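Below is one structure; the comments refer to it alone.
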Amino acid sequence: MGSPLKIMPKTARQAPKSAAHDAPEEARGSRLGDETLITHLGRDPLANFGVVNPPVYHASTILHPNTESFASSFQRRFEKGEVNYGRMGTPTSYALEDAVAQLEGGYGATSVSSGLAAITTAILAFVKAGDHILMTDSAYMPSQSFSRGMLARLGVETTFYPPCITADDLSALVRKNTRILFTESPGSITFEMQDIPALSAAAKAVNPDLVVLTDNTWATPLYYKALAHGVDVSIHAGTKYIGGHSDVMIGLITTTEQHYVTVRQSATSLGIASGPDDIYLALRGLRTMAVRLRRHQETGLTLARWLEARPEVARVLHPALPGDPGHAIWRRDYTGACGLFGVELVPAPDQAVAAMVDDLELFGIGASWGGYESLAMPIEPRKLHREAESWTGAGPLVRFHAGLEDPDDLIADLEAGLARFNRVRKAS
Ligand SMILES: Cc1ncc(COP(=O)(O)O)c(C=O)c1O
């Protein structure tokens, strides 16, 4: 048997240019496969007595041998791998950050205390009073609330744009003081795909100083290499698939080299470091994310196709379905889909939706997603915040997360749920 302490290369040899579904092996160049990287990045058993998983460092104070070392470590505090003070980075946080950044093809990553903290930290890294940002109307609701509330109070104006805006129409919205183009694809709740490379190119042609951010939580660092598609800063709620077990709150921000220190400084100023145990759980979760995601994807598509054929369903919102309006973009730029998708039901009273969802046996009702368990969350379309373009769907929306259960059991549960939906709808 070979040495159990074989260390894999620390650096991905080359980030992929574009992720094609049926890309031949040679199109990957000399880069190791993602499933190899996810297994080996961010760990060095030889440095840890052969221990496979990087140990958890609980640290606030870091002791230095003398004043000179203390001072020079402080000087280097925003550099990757520097251990200066617990909040600024430990060997545990660097292990996770290295793994995520290399998997996504970025220069570096910064971990923070939640996905929302990753969004706010990334935005605050780039704006000052008097600036303007562009945000998709389909962004995660708390991203929108942050812009409408705190950013507005700080003197930063937000213009919301329709998620499927053309590059030309977007160009017209870019101003001299526009600092950020904020994207999210597919959109939260409504799952519109954005042509991020085209939007990024158009916005930067008008204002080369503008920074493109994306909330890449849906696709994860595995299925969308955001930085190879015109994005400068890619944001992940690691709370979802990276953690994968609904027991961690963490956010990650992957950047190009140009923006790494700016984002790091923002996280430090805000003081929102993630705790060491959550970082450890996220790195542990990351190791199995590729296999979990494959199953989430498969089951999600099985449920989506089944729902598509049901008379109670007006349409399924899932970019990996060939009939979806965003399918061409998904197919061109993404290498997979996660287990999160939506359905628009035929128009029905709220009680009919409640009758369906409340008594589902295998789908939990709750916020967040990305764990091993299936979820269903009803959304009243009138509660969607749309400034740029109204949502045109007439029926109620339900967002589903396909977990790791047997898909046949999930379908049976949904079938019984739709029967309840029909009973109440017809009676009302
Ligand atoms: C798309 C998206 N981004 C960010 C977040 C925020 O993540 P967290 O709950 O870790 O703050 C969520 C949470 O549901 C989300 O759905």
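The opening residue of the sequence shown carries number 1 in our numbering; numbering runs sequentially from there.
Even glycine gets a Cβ: it sits at the ideal position worked out from N, Cα and C.
Note that this is a predicted model, so its numbers are computed, not measured.
For the pair A352 and L384, the Cα-to-Cα distance works out to about 20 Å. C-alpha of E157 to C-alpha of Y241: approximately 32 Å in a straight line. For the segment 323-387, the full-length beta strand (DSSP E) segments reaching 3 residues or more read 340-345, 375-379 along the chain. Within the same chain, and ignoring the five residues on either side of H318 in sequence, the residues whose Cβ sits closer than 8 Å to its Cβ are F191, G300, L301, A304, D324, A337, F341, G342. Contiguous beta strand (DSSP E) elements confined to the segment 186-268 occur at 211-215, 233-237, 251-255, taking only those with 3 or more residues. The segment 118-135 and the segment 180-194 touch, with three or more beta-carbon pairs separated by less than 8 Å. According to DSSP, residue pairing for I38 in a beta bridge does not occur.
For L293, the enclosing alpha helix (DSSP H) has its first and last residue at 289-308. Contact between V206 and G230 fails: their C-beta atoms lie close to 14 Å from each other, not under 8 Å. Residue ranges of uninterrupted beta strand (DSSP E) with 3 or more members, entirely inside the segment 96-166 and ordered along the chain, are 108-112, 132-136, 157-161. Spanning the alpha carbons of M249 and A427 requires a straight line of approximately 43 Å. In the pairwise beta carbon analysis, the segment 90-107 is classified as touching the segment 269-289: at least three pairs are separated by under 8 Å. Here M289 is buried: its Cβ has 16 or more other Cβ atoms, across all protein chains shown, within 10 Å. Assignment of beta-bridge partners to V313 by DSSP yields L345.
By the neighbour-count criterion, in which a residue is buried when 16 or more other Cβ atoms sit within 10 angstroms of its Cβ, K176 is exposed. Remark: C-beta atoms of G187 and P163 approach each other more closely than 7 Å.
The beta carbons of L345 and V316 sit about 10 Å from each other, so the pair does not count as a contact at 8 Å. Under the three-state reduction of DSSP, E68 is assigned to helix. For L414, the uninterrupted alpha helix (DSSP H) run begins and ends at 407-427, by DSSP. A straight line joining the alpha-carbon of P45 with that of H401 spans about 35 Å. Straight through space, the alpha carbons of L270 and L154 are spaced by roughly 15 Å. Of the candidates R425, G105, I411, A139, the residue whose Cα lies closest to the Cα of L116 is A139.
At a cut-off of 6 Å, the beta-carbon of T217 counts as near ligand 1: some heavy atom of the ligand is closer than that. The C-beta distance from P221 to T254 rounds to 7 Å, short enough to meet the 8 Å contact threshold. Under DSSP, F400 takes part in a beta bridge, and its partners are F341, A376. Taking the Cα of A101 as reference, the smallest distance to any Cα among M141, G366, G238 is reached at G238. As DSSP reads the structure, I180 sits in a beta bridge with I133, V211. Between S246 and T214, the gap from beta carbon to beta carbon reaches 7 Å or more.
In the three-state reduction of the DSSP assignment, N84 falls in the coil class.
Residue burial annotation: G33 is exposed, with fewer than 16 other C-beta atoms found within 10 angstroms of its C-beta. In the displayed model, R284 falls within a helix according to three-state DSSP.
Exposed is the label assigned to Y372, since fewer than 16 other Cβ atoms lie within 10 Å of its Cβ. With a cut-off of 6 Å, the C-beta of G115 is classified as near ligand 1, since at least one heavy atom of the ligand falls inside that distance.
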